[in-house]
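> Structure provided below as structure tokens; questions to follow.
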Amino acid sequence: YDPTAASHGFEIRGGEFLMILGSVCWSWYSLAAQRWLQGWSQIRIAAMTTSTGSVATVAVYVVAGLLGAAQLPPALPSSWQDVAILGWIVVVLVAIGLIAWNHGVNRAGIVVALIYLNMMPVVAIAITALLGTPPRLFQIVRGGLVIAGVLQSQLRRLRKARRAPVPGEEQI
Numbered sequence: 001y002d003p004t005a006a007s008h009g010f011e012i013r014g015g016e017f018l019m020i021l022g023s024v025c026w027s028w029y030s031l032a033a034q035r036w037l038q039g040w041s042q043i044r045i046a047a048m049t050t051s052t053g054s055v056a057t058v059a060v061y062v063v064a065g066l067l068g069a070a071q072l073p074p075a076l077p078s079s080w081q082d083v084a085i086l087g088w089i090v091v092v093l094v095a096i097g098l099i100a101w102n103h104g105v106n107r108a109g110i111v112v113a114l115i116y117l118n119m120m121p122v123v124a125i126a127i128t129a130l131l132g133t134p135p136r137l138f139q140i141v142r143g144g145l146v147i148a149g150v151l152q153s154q155l156r157r158l159r160k161a162r163r164a165p166v167p168g169e170e171q172i
């Protein structure tokens with residue numbers, strides 16, 4: 001995202017492949033964490049995976065800094081708003097979000113959870129619109145396709161659940 005760009009800040013630059021790779025890794029993590037750490041509370045799973053991921057993230061950042069691709073040491077927050085946003089990201093999006101995600105995967109399964117993961121681009125466009133960057137028609141159309149796909153998937157699931165016979169009931 002570059003707010004000074006002529007294209008309203010959004011351009012395809014090749015990071016889309018990394019987003020797809022990230023989604024694949026996230027799906028694998030979601031399945032593996034529940035399988036490997038079965039019996040652990042979702043808070044404990046979140047704490048373990050977050051602490052491990054944090055160490056790896058810091059290591060990658062240091063290597064990037066040594067290669068000249070990141071600022072070392074990182075810049076300190078320049079205002080209370082930066083600190084507040086960082087706090088929001090850490091507490092709500094990472095901690096509470098990860099616990100809620102793990103709980104959802106554990107209860108509803110990865111397939112249902114991933115349906116809602118597809119809503120991330122729609123939410124991102126809505127947030128940037130609220131921050132003053134109007135979405136382009138192509139983004140609105142793609143967001144509509146995502147919403148239509150999620151709705152279609154959920155409606156199929158509901159229909160299938162209604163048709164499924166209840167154990168112990170007679171079939172007519």
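The working numbering applies: residue 1 is where the sequence shown begins, and numbers increase by one. All residues carry an ideal CB built from backbone N, CA and C; glycine is no exception. These numbers were taken from a predicted model, which means no experiment stands behind them.
1) Answer yes if the region 68-77 comes into contact with the region 116-133, meaning at least three C-beta pairs across the two stretches below 8 Å, and no otherwise.
2) Since Leu31 contacts Ile110 with CB under 8 Å, what's their CB separation in whole angstroms?
3) What is the C-beta distance between Leu86 and Pro77, in whole angstroms, given that I count them as a contact (C-beta under 8 Å)?
4) Check each candidate in Val150, Gln154, Asn118 and Gln42 and name the one with the smallest Cα separation from Gly22.
5) Just the C-alpha distance for Gly53 and Arg136, rounded to the nearest angstrom, thanks.
6) If I measure Cβ to Cβ from Val146 and keep anything under 7 Å in the same chain, skipping five residues before and after, which residues do I get?
7) Any idea if Leu93 is buried or exposed, counting beta-carbon neighbours within 10 angstroms, 16 or more meaning buried?
8) Given Trp26, which residues of its chain have a CB within under 8 Å of its CB, disregarding the five upstream and five downstream residues?
9) Exposed or buried, Val105, counting other C-beta atoms within 10 Å across all chains shown (16 or more means buried)?
Per the coordinate set shown:
1) no
2) Within the sequence shown, the letter at position 31 stands for residue 31. Within the sequence shown, the letter at position 110 stands for residue 110. Going by Cβ atoms, the distance from Leu31 to Ile110 rounds to 5 Å, so yes, they are a contact pair.
3) Position 86 of the sequence shown, counted from the first residue, corresponds to residue 86. Position 77 of the sequence shown, counted from the first residue, corresponds to residue 77. Right, their Cβ atoms sit about 7 Å apart.
4) Position 22 of the sequence shown, counting from 1, holds the residue named residue 22. Nearest C-alpha to Gly22: Asn118.
5) To locate residue 53, count along the sequence shown from 1; it is residue 53. To locate residue 136, count along the sequence shown from 1; it is residue 136. Using only the alpha carbons, I get a separation of about 35 Å.
6) Your numbering for residue 146 matches position 146 in the sequence shown. Excluding residues within five positions, the ones whose Cβ falls inside 7 Å are Asn118, Met119, Pro121 and Val122.
7) Within the sequence shown, the letter at position 93 stands for residue 93. The residue is exposed, with fewer than 16 neighbouring Cβ atoms inside 10 Å.
8) Sequence index remark: in the sequence shown, residue 26 carries index 26 (1-based). Answer for Trp26: Leu117, listed in chain order.
9) Residue 105 sits at position 105 when you count from the first residue of the sequence shown. It is buried - the Cβ of Val105 has at least 16 other Cβ atoms within 10 Å.
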